[in-house]
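Top to bottom, those sequences are chains W and G. Read in order, the letters of the first sequence are residues 11 to 167 in our numbering. Read in order, the letters of the second sequence are residues 69 to 498 in our numbering. Heads up, the beta-carbon is just placed ideally off N, CA and C, and yes, glycines get one too.
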Amino acid sequence: MLSQESLALIDRELAKYPADQRRSAIMGALRIAQTEKRYLTNELIEFVASYVRIPPVAAYEVATFYNMYDRKPVGKYKLTVCTNLPCALSGGYTTADYLKQKLGIGFGETTADGRFTLAEGECMGACGYAPVMLVNNHSMCNHMTPDAIDKKLAELE
Amino acid sequence: MTVYAKGVVFEGVDFDNPNHWRLEEYVKRGGYAALKKILNEKITQDEIIAEMKTSALRGRGGAGFPTGLKWSFMPRNFPGQKYLVCNTDEGEPGTFKDLDIIVSNPHALIEGMIIGGYAMGITVGYNYIHGEVFEAYERFEEALEEARAAGFLGDNILGTDFCFQLHAHHGYGAYICGEETALLESLEGKKGQPRFKPPFPASYGLYGKPTTINNTETFASVPYIIREGGQKFLELGKPNNGGTKLFSVSGHVNRPGNYEIPLGTPFSELLEMCGGMRGGKKLKAVIPGGSSAPVLPADIMMQCTMDYDSIAKAGSMLGSGAVIVMDETVCMVSALERLSYFYHEESCGQCTPCREGTGWLYRIVHRIAHGEGRPEDLDLLASIGDNIAGRTICALGDAAVFPVRGMLKHFRSEFEYMIEHKTRQFAALS
Ligand SMILES: Cc1cc2nc3c(=O)[nH]c(=O)nc-3n(C[C@H](O)[C@H](O)[C@H](O)COP(=O)(O)O)c2cc1C
Ligand code: FES
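Take a look at the structure:
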């Protein structure tokens with residue numbers, strides 16, 4: 011269900027923890043699975059649980075608790091915009107509104123062509139570089155004014 | 069990434085050099101000298117902890133607990149495995165200092181943790197890193213590889229019989245995991261729901277074993293203290309508030325960023341370093357220690373110095389050192405609405421007062437902000453706050469209440485105006 015590369019990455023996570031604490035690797039394992047498959051289906055969560063050798067429920071618990079796991083299909087690019095107060099003081103909402111208008115979707119929606127999903131985020135710990143946006147959970151973009159958004163979207167087309 | 073003023077953590081870091089974060093550069097600027105000194109001169113665990121106490125270093129994660137004292141709580145002769153954990157979960161809105169540490173000076177943190185391990189007789193450590201900063205997590209992993217290859221981490225460090233393994237654990241989006249026992253649960257691969265205390269982590273921590281948890285900046289300050297001495301560190305700041313501290317300044321200043329300055333520096337000086345207010349506007353208010361700290365109006369803030377005691381005396385807290393600056397155009401109702409939404413979103417759901425109460429706080433502030441406030445709402449907010457604060461397992465409940473109390477104390481008239489006139493005095497956040 012997952013590529014050899016992903017399984018090797020999960021093995022690396024498992025090696026960080028004591029042999030009798032494999033459960034500790036579930037967060038990393040689910041992240042790695044999601045990175046390959048874009049979102050977590052129930053089957054995928056169960057597969058990861060069995061690979062880590064923990065009960066499926068323990069993996070569901072984690073997949074549903076943490077915000078960055080996607081359990082529904084997302085576009086090729088998931089854009090998460092921070093609108094928390096520090097970002098909002100430096101144009102966070104302007105950026106969010108600009109994206110909504112440009113992509114023609116609201117928060118939690120995906121464009122019809124399946125390219126973009128827009129999400130509202132909480133503080134990403136980068137407020138000095140506001141407005142801040144995250145692409146596909148892992149790539150952080152700073153100073154995302156409308157001009158910078160235009161450039162970024164062109165790169166992602 | 070830029071740190072505009074450098075203190076003990078960023079001393080000597082040349083941001084223009086793209087390799088500034090690498091081990092080789094760190095060693096060139098005196099890095100790992102503290103560790104070598106300990107191992108070569110066979111400095112004892114007691115001597116290190118005494119030095120930490122002299123330094124008056126207080127935890128940089130928010131609570132400001134004296135680090136030397138915390139380290140002395142660790143059972144020294146416990147027969148089983150013990151753990152050292154670093155908290156790089158940095159999710160407190162306004163805070164972005166730990167990010168710059170693991171990106172720009174990761175070896176200071178690694179060295180600090182190795183020294184901590186040595187001082188408390190711990191052989192395994194984890195650094196829990198905030199979910200949204202994946203690239204920083206990868207950078208830190210690379211720094212760990214460098215330290216292992218150079219013999220600073222692993223078995224028989226620098227040819228001695230001291231061993232210390234350190235790993236990075238990546239979070240995936242949950243503010244609550246910054247709370248130390250939620251963090252431990254998360255490290256164990258569970259939902260991040262805080263544990264009841266006592267027992268405290270020093271007796272029952274990771275996997276039920278004695279554990280010490282400190283913030284990233286706390287650990288990154290350790291090499292300086294060992295190299296230069298606790299007294300010198302203390303003298304950089306003021307009594308009971310030793311050293312320099314990183315302040316993450318965001319909001320309406322000309323030059324937002326991290327400023328590492330002596331504790332006790334007047335706020336007015338910090339504001340000047342940031343190039344003053346953006347667009348020459350007037351300062352209205354400051355949240356001095358991350359979103360959980362009560363807001364302070366400009367006139368009070370301008371009298372404060374940036375240290376634990378001065379900010380506490382003014383009725384707020386230094387917290388994580390996140391300074392959120394707001395100018396005269398900000399609508400405080402709108403600002404509080406956004407913060408209350410955050411706490412509601414991030415409550416882990418374990419304790420009823422917090423799970424339900426944060427929702428009530430948000431919905432009431434929301435209706436005031438949308439012209440539907442009722443005259444009794446301000447008293448209602450205060451009473452809900454009283455029923456959350458101090459009645460939950462962890463301090464997230466208090467963190468949700470403090471901003472409400474601060475706003476109602478200092479900017480009550482803005483809320484009253486909106487309730488009465490159904491319209492705001494200042495524009496909403498945009
Ligand atoms: C809701 C909540 C969130 C917290 N978030 C963080 C955080 O992001 N980083 C941090 O170091 N401490 C955070 N803390 C404080 C930790 O529980 C703990 O006190 C700290 O990591 C101890 O390290 P120190 O003594 O070096 O400050 C948080 C506490 C609470 C209640
Ligand atoms: S508020 Fe947006 S990154 Fe902190």
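Shown here for G:Gly-298: same chain residues with a beta carbon closer than 6 angstroms to its own, the five before and five after excluded, namely Glu-119, Thr-122 and Ser-123 in chain order.
Linking G:Asp-229 to G:His-237 through their CA atoms gives a straight-line distance of about 26 angstroms. Taking C-beta atoms as the reference points, G:Pro-362 and G:Ser-384 count as a pair closer than 8 angstroms.
For secondary structure counted as the alpha helix (DSSP H) over 4 or more consecutive residues, the stretch 31 to 63 of chain W holds these complete runs in sequence order: 36 to 47 and 52 to 62. Interface annotation for the stretch 242 to 273 of chain G against chain W: Ala-242, Tyr-243, Ser-254, Leu-255, Glu-256, Gly-257, Lys-258, Lys-259 and Gly-260, criterion Cβ-Cβ distance under 8 angstroms. Restricting attention to alpha helix (DSSP H) runs no shorter than 4 residues, the stretch 81 to 151 of chain W encloses them at 95 to 98 and 102 to 113, ordered along the chain.
According to DSSP, G:Arg-126 shares a beta bridge with G:Pro-134.
Contact between the stretch 140 to 149 of chain G and the stretch 133 to 144 of chain W is absent: fewer than three C-beta pairs spanning the two stretches fall below 8 angstroms.
With a contact defined as Cβ atoms closer than 8 angstroms, G:Met-394 and G:Ala-382 miss out at about 16 angstroms. With a threshold of 8 angstroms between beta carbons, W:Tyr-49 makes no contact with chain G. A distance below 6 angstroms between beta-carbons, with the five flanking residues on each side excluded, links W:Gly-38 to the following residues of its chain, in chain order: Glu-23. Here the distance from the Cβ of G:Val-171 to the nearest heavy atom of ligand 2 is not below 7 angstroms. Neighbours of G:Asn-326 across chain W, judged by C-beta separation under 9 angstroms: Gly-138. Between G:Ala-403 and chain W, the shortest Cβ-Cβ separation is below 8 angstroms. Distances taken from the Cβ of W:Met-134 to the heavy atoms of ligand 2 include one shorter than 7 angstroms. The beta carbon of W:Ala-68 lies closer than 8 angstroms to those of Arg-33, Ile-36 and Ala-59 in the same chain, with the five residues before and after it left out.
Below 8 angstroms, too few C-beta pairs join the stretch 294 to 310 of chain G and the stretch 147 to 159 of chain W to call them touching: fewer than three. For G:Met-374, the nearest beta carbon of chain W is not closer than 8 angstroms to its own beta carbon. W:Leu-50 and W:Asp-21 do not touch by the CB rule: their CB atoms are close to 19 angstroms apart, not below 8 angstroms.
Each of W:Ile-159, W:Tyr-27 and W:Tyr-61 was checked against the Cα of W:Leu-128, and the nearest Cα belongs to W:Ile-159. Note that the C-beta distance between G:Pro-269 and G:Glu-247 is not below 8 angstroms. Residue range 325 to 330 is occupied by the beta strand (DSSP E) that includes G:Pro-330.
Annotation for W:Gly-138: no residue places its beta carbon closer than 6 angstroms to its own, counting only its chain and skipping 5 residues before and after.
Judged by DSSP in its simplified three-state form, G:Leu-221 adopts coil rather than helix or strand.
Residues of the stretch 191 to 205 of chain G with a C-beta atom less than 7 angstroms from some C-beta of chain W are His-198, Gly-199, Glu-200, Val-201, Phe-202 and Glu-203, listed in chain order. Fewer than three beta-carbon pairs drawn from the stretch 327 to 347 of chain G and the stretch 415 to 434 of chain G are found closer than 8 angstroms, and the two stretches are therefore not classed as touching.
For G:Ala-390, the enclosing beta strand (DSSP E) covers residues 390 to 395. For G:Lys-74, the closest alpha carbon among the candidates G:Ser-498, G:Phe-202, G:Lys-352 and G:Pro-330 is that of G:Pro-330.
If you draw a straight line from the Cα of W:Gln-111 to the Cα of G:Tyr-196, it is about 37 angstroms long. Of the residues W:Thr-45, W:Tyr-76, W:Lys-82 and W:Gly-135, the one whose Cα lies closest to the Cα of G:Ser-254 is W:Tyr-76.
Judged by their CB atoms, G:Tyr-151 and G:Thr-284 are not nearer to each other than the 8 angstroms cut-off. Under DSSP, G:Ala-236 takes part in a beta bridge, and its partners are G:Asn-195. The alpha carbon of W:Arg-125 has as its nearest neighbour, out of W:Tyr-108, W:Leu-17, W:Cys-151 and W:Leu-163, the alpha carbon of W:Leu-163. Nearest to G:Glu-200 by C-alpha distance, out of G:Gly-474, G:Thr-156, G:Gly-80 and G:Lys-352, is G:Thr-156. G:His-235 is a Cβ neighbour of W:Lys-26, given a cutoff of 8 angstroms.
Counted as a single uninterrupted DSSP element, the alpha helix (DSSP H) harbouring G:Leu-252 occupies residues 248 to 255.
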